[in-house]
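2 protein chains.
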Amino acid sequence: MARRTGLTRQEIQSTALAVGSDLIAKHGLSKFSMRQVAKEIGYTVGTLYNVFKNQDDFLLQINALTLNDLQCFIQRGLKPNLRGKNILLNIANSYYVFAKENYARWRTLFEYALAEETTLPKWYTDKIASLMNMAEQALSDMNLSSTQIQRTSRALWASVHGICALALADKLALTRSDPAEKLIRELIDKYFIGLTLEGK
Amino acid sequence: MARRTGLTRQEIQSTALAVGSDLIAKHGLSKFSMRQVAKEIGYTVGTLYNVFKNQDDFLLQINALTLNDLQCFIQRGLKPNLRGKNILLNIANSYYVFAKENYARWRTLFEYALAEETTLPKWYTDKIASLMNMAEQALSDMNLSSTQIQRTSRALWASVHGICALALADKLALTRSDPAEKLIRELIDKYFIGLTLEGK
DNA sequence: TTAATTTATTGAACACTGTTCAATTTACTC
DNA sequence: GAGTAAATTGAACAGTGTTCAATAAATTAA
Chain A
1 MARRTGLTRQ EIQSTALAVG SDLIAKHGLS KFSMRQVAKE IGYTVGTLYN
51 VFKNQDDFLL QINALTLNDL QCFIQRGLKP NLRGKNILLN IANSYYVFAK
101 ENYARWRTLF EYALAEETTL PKWYTDKIAS LMNMAEQALS DMNLSSTQIQ
151 RTSRALWASV HGICALALAD KLALTRSDPA EKLIRELIDK YFIGLTLEGK
Chain B
201 MARRTGLTRQ EIQSTALAVG SDLIAKHGLS KFSMRQVAKE IGYTVGTLYN
251 VFKNQDDFLL QINALTLNDL QCFIQRGLKP NLRGKNILLN IANSYYVFAK
301 ENYARWRTLF EYALAEETTL PKWYTDKIAS LMNMAEQALS DMNLSSTQIQ
351 RTSRALWASV HGICALALAD KLALTRSDPA EKLIRELIDK YFIGLTLEGK
C-alpha cells in the first residue's frame, strides 16, 4: 500500500502528537513507544519516521505542546488586580496544580529534555524563557534592579519547581496539615520579607 | 559451565553494583543495560537475574549507594563551629557540588526512584529521611517550633534541589556573575531574614 | 570412593524496542 | 495514458529486559 488519500503530512503529525501525549498521560513515559503511537493512529512505524526525525524529535515536540499548555494554564489562572508577590504566588500555585494534574507529561518535560546533551533548538529555549518572563513581569513594578529581578525570578521559579518535583514524587513526607501549597506559600512569603527588608 | 569457584553471591552483587555505578557515571542511565553489566563482570545475564530480582531492583540498590555517597560527602564537607543558617548553607553547597560532580548518578536518583509507583522499601525511605534530618539538626538550636523546623527544612531542601536540577540541566540561563551557588545563597539568606524577622 | 543432591551458571528463547530502507502503491503532471 | 514524484509499507537489524530448561560443579550422604 502507499499514499492514501486522507491525512496530510501535517495532519499525521498533529494526530500522532495528540495520541502520543495521551499515551504518556495515561501510561507514563516508560510505557511509551513509537510503535504504539503508529498503531493507534492506524499507520506503520515507517510513516512516523517519515514525519518525525526520531523519537527524540517526537518527544521534543510533545514537550513543546506541554509547555504551551502550561503557559496557557498559568495565563488563564492569573487573577487580575494582583501585584508583585501575589502574582508570583498565583503563578507558583498554578504551576503546582498543572504539574499535579498533568504529572506524567510534566515529568516528561524534564526526564527527556534534560536527558541528552544535544543542544535544544532556539524555539524551544525561547518557550522556556517566555515562561520565566512571566515571573519577571510580576516583579517589574517592585522597585528592584534588573539583576535582582532576574535573580529573584530564577531562584523562586527553580525553588517552586523543586518543591513540586519532590512533593509530587512523595519524597517530602508531607502531612495533611503541611501540604506542598503551604510550603510554596511559606517560601515565597519569607523570601519576600527578606527581599524588602534587606535593602533598608 | 556452572558454579565456578571464586566469587560468592555477595561478591557478585557488590562488583555488579560497582560496575553498574561506573557505567552510569560514564555513559548515563540511558545507555545502561543489564547485559552490559553482565559482560563487564564476566558473567552472563542469567547470573545477574539470579542475584537481583530485576532491573528495578538493581537500580534501586545503585541509588542506595549513591545516597550513601551523598550523605558521606555532605558529612565530610561539614565545617565545625557553624550554626543555624550557616550549617544549612554548608549542606546546600555540598549538595550542589555532589550533584555536579556525580551528575549522571545523581539524576538516576530521581529519574528512577520516582518512575514507578511501586512503593519504595522502608530502608530506602529511611535513608532519605536521614538526609533530611541533617537539615533539621542544623535548625534545632534556633528557637523554632518543631513544625516550623520541619517546614523550613523541607521547603529549603526541595528548593535547593530545584535550583540544582534546573541549573545543572542548563535550564536557568545562568551567567558567570550569577551562578547556581549565588542563587542558593540568596535564597537561604533571604528566607532566613524573613524567618527571623517575622516572629517579632 | 562413589552416588545422590543441591546449587550456580549458562545460553537460547520470547516479546519487545528504535531505526533504516528497498520495494511497492498511489497520486499528480505532462 | 506514460512518466515522475511522493507516501506507505513491512521486513530486517541490533539492541533491550526477562524467563527457564539444561548443564556442570560443589556439597553431602552412603
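In order, the protein sequences belong to chains A and B. In case it helps, my numbering puts the first sequence at residues 1 to 200. In case it helps, my numbering puts the second sequence at residues 201 to 400. From the three backbone atoms N, C-alpha and C, an ideal C-beta is built for every residue, glycine too.
Query raised in the report: Could one say the Cβ of Ile62/A lies closer than 7 Å to chain B's Cβ atoms, at least one of them?
Result: Looking up residue 62/A in the first sequence gives position 62. Answer no: the Cβ-Cβ gap between Ile62/A and chain B never drops below 7 Å.
Report task. Would you tell me roughly how many angstroms separate the C-alpha atoms of Leu229/B and Asp189/A, rounded to the nearest one? Result -> Position 29 of the second sequence holds residue 229/B. Position 189 of the first sequence holds residue 189/A. Whole-angstrom Cα-Cα distance: 38 Å.
Query raised in the report: Relative to the alpha-carbon of Lys327/B, which residue among Phe258/B, Ala225/B, Leu270/B has its alpha-carbon at the smallest distance?
Result: For the purposes of this step, residue 327/B is taken as residue 127 along the second sequence, with counting starting at 1. Looking at the Cα atoms, Leu270/B is the closest of the given residues.
Query - Contact under 7 Å by Cβ, Ile287/B with Ala338/B - result: As a first step, residue 287/B must be located in the second sequence, where it is residue number 87. As a first step, residue 338/B must be located in the second sequence, where it is residue number 138. Taking 7 Å as the Cβ cut-off, Ile287/B and Ala338/B qualify as a contacting pair.
**Report entry** DSSP-derived helix/strand/coil call for Thr66/A
**Finding:** Along the first sequence, one-based indexing puts residue 66/A at 66. Judged by DSSP in its simplified three-state form, Thr66/A adopts helix.
Query raised in the report: Listing by chain order, which chain B residues have their CB less than 7 Å from the CB of Lys269/A?
Result: Outside the modelled stretch of chain A, which goes from 1 to 200, sits residue 269/A, for which no answer is possible.
Report task. With DSSP collapsed to three states, give me the class of Asp126/A. Result -> Position 126 of the first sequence, counted from the first residue, corresponds to residue 126/A. DSSP places Asp126/A within a helical segment (H, G or I) once states are collapsed to three.
Report task. Would you grab the beta carbon distance between Asn293/B and Glu386/B for me? Rounded to a whole angstrom, and I think it's under 8 Å. Result -> What you label residue 293/B is simply residue 93 of the second sequence in a count that begins at 1. What you label residue 386/B is simply residue 186 of the second sequence in a count that begins at 1. Contact doesn't hold; Cβ gap of about 13 Å is too wide.
Query - Sequence-distant residues of its chain with Cβ nearer than 6 Å to Gly20/A (five each side left out) - result: Counting from one through the first sequence, the residue named residue 20/A turns up at place 20. Cβ within range, chain order: Val37, Ile62.
Query raised in the report: Where does Arg305/B land, buried or exposed, given buried means 16+ other C-beta within 10 angstroms?
Result: To locate residue 305/B, count along the second sequence from 1; it is residue 105. Result: buried.
Requested in this report: Return helix, strand or coil for Asp170/A, following the three-state DSSP convention.
Outcome: As a working note, residue 170/A is residue 170 in the first sequence. Note: Asp170/A maps to coil in three-state DSSP.
**Report entry** Reduced DSSP category for Thr375/B - H, G, I as helix; E, B as strand; rest coil
**Finding:** By 1-based counting over the second sequence, the position of residue 375/B is 175. Note: Thr375/B maps to strand in three-state DSSP.
Requested in this report: Please confirm if Lys200/A has its CB atom under 7 Å from at least one CB of chain B.
Outcome: Locating residue 200/A in the first sequence gives position 200, where the first residue counts as 1. Because Lys200/A carries a pLDDT of 47, less than 50, the predicted location of this residue cannot be relied on, and no value is offered for it.
Query raised in the report: Cβ of Asp56/A less than 7 Å from any chain B Cβ?
Result: Looking up residue 56/A in the first sequence gives position 56. In terms of beta-carbon proximity, Asp56/A stays away from the interface with chain B, with every pair separated by 7 Å or more.
Query - Per-residue contacts from Tyr249/B into chain A (C-beta, under 9 Å) - result: Working through the second sequence from its first residue, we reach residue 249/B at position 49. Those within 9 Å of Tyr249/B in chain A number zero; the least Cβ separation is about 20 Å.
Requested in this report: Report all residues from its chain with a CB closer than 8 Å to the CB of Thr47/A; omit the five preceding and five following residues, and keep chain order.
Outcome: As a first step, residue 47/A must be located in the first sequence, where it is residue number 47. Result list for Thr47/A: Ile12, Ala38, in chain order.
Requested in this report: Use the C-beta contact count for Gly162/A: other C-beta atoms within 10 angstroms, 16 or more gives buried, fewer gives exposed.
Outcome: As a position in the first sequence, residue 162/A is number 162, starting the count at 1. With 16 or more other Cβ atoms inside 10 Å of its own Cβ, Gly162/A counts as buried.
Query raised in the report: Taking all protein chains shown into account, do 16 or more other C-beta atoms lie within 10 angstroms of the C-beta of Thr244/B, making it buried, or fewer, making it exposed?
Result: For this step, residue 244/B is matched to residue 44 along the second sequence. With fewer than 16 other CB atoms across the displayed protein chains lying within 10 angstroms of its CB, Thr244/B is exposed.
Report task. Leaving out five residues on either side along the sequence, give the residues of the same chain with a beta carbon under 8 Å from the beta carbon of Met132/A. Result -> Translated into positions along the first sequence, residue 132/A becomes position 132. Only Ser153, Arg154, Trp157 meet the Cβ criterion.
Query raised in the report: If the cut is a Cβ gap below 9 Å, which residues of chain A does Asp378/B touch?
Result: What you label residue 378/B is simply residue 178 of the second sequence in a count that begins at 1. Going along chain A in sequence order, the residues near Asp378/B (Cβ under 9 Å) are Thr147, Gln150, Arg151, Arg154.
Query raised in the report: What is the DSSP secondary structure of Tyr43/A, counted as helix, strand or coil?
Result: Reading the first sequence from its first residue, position 43 is the one you call residue 43/A. Reduced to three states, the DSSP call for Tyr43/A is coil.
Report task. Give the range of the alpha helix (DSSP H) segment to which Phe252/B is assigned. Result -> For the purposes of this step, residue 252/B is taken as residue 52 along the second sequence, with counting starting at 1. Note, Phe252/B: premise wrong, no alpha helix (DSSP H); not H, not E.
Query raised in the report: Could you give the C-beta distance for Ile193/A and Gly394/B, rounded to a whole number, given that I count them as a contact under 8 Å?
Result: On the first sequence, position 193 is the one that residue 193/A refers to. On the second sequence, position 194 is the one that residue 394/B refers to. Sure, about 3 Å apart at Cβ, within 8 Å.
Query raised in the report: Is the closest heavy atom of the ligand NAD to the C-beta of Asp189/A under 6 Å?
Result: Ligands are entirely absent from the displayed structure, and the ligand NAD is therefore not among its contents.
Query - Pairwise C-alpha distance: Ile224/B and Asn50/A - result: For the purposes of this step, residue 50/A is taken as the residue at position 50 of the first sequence. For the purposes of this step, residue 224/B is taken as the residue at position 24 of the second sequence. The C-alpha of Ile224/B is placed about 32 Å away from the C-alpha of Asn50/A.
Query - Pairwise C-alpha distance: Leu344/B and Val297/B - result: Your numbering for residue 297/B matches position 97 in the second sequence. Your numbering for residue 344/B matches position 144 in the second sequence. Those two C-alpha atoms are separated by around 29 Å.
Requested in this report: Please list the partners that Glu311/B has in chain A, where partner means a Cβ-to-Cβ separation under 8 Å.
Outcome: As a first step, residue 311/B must be located in the second sequence, where it is residue number 111. Chain A residues near Glu311/B: Glu111.
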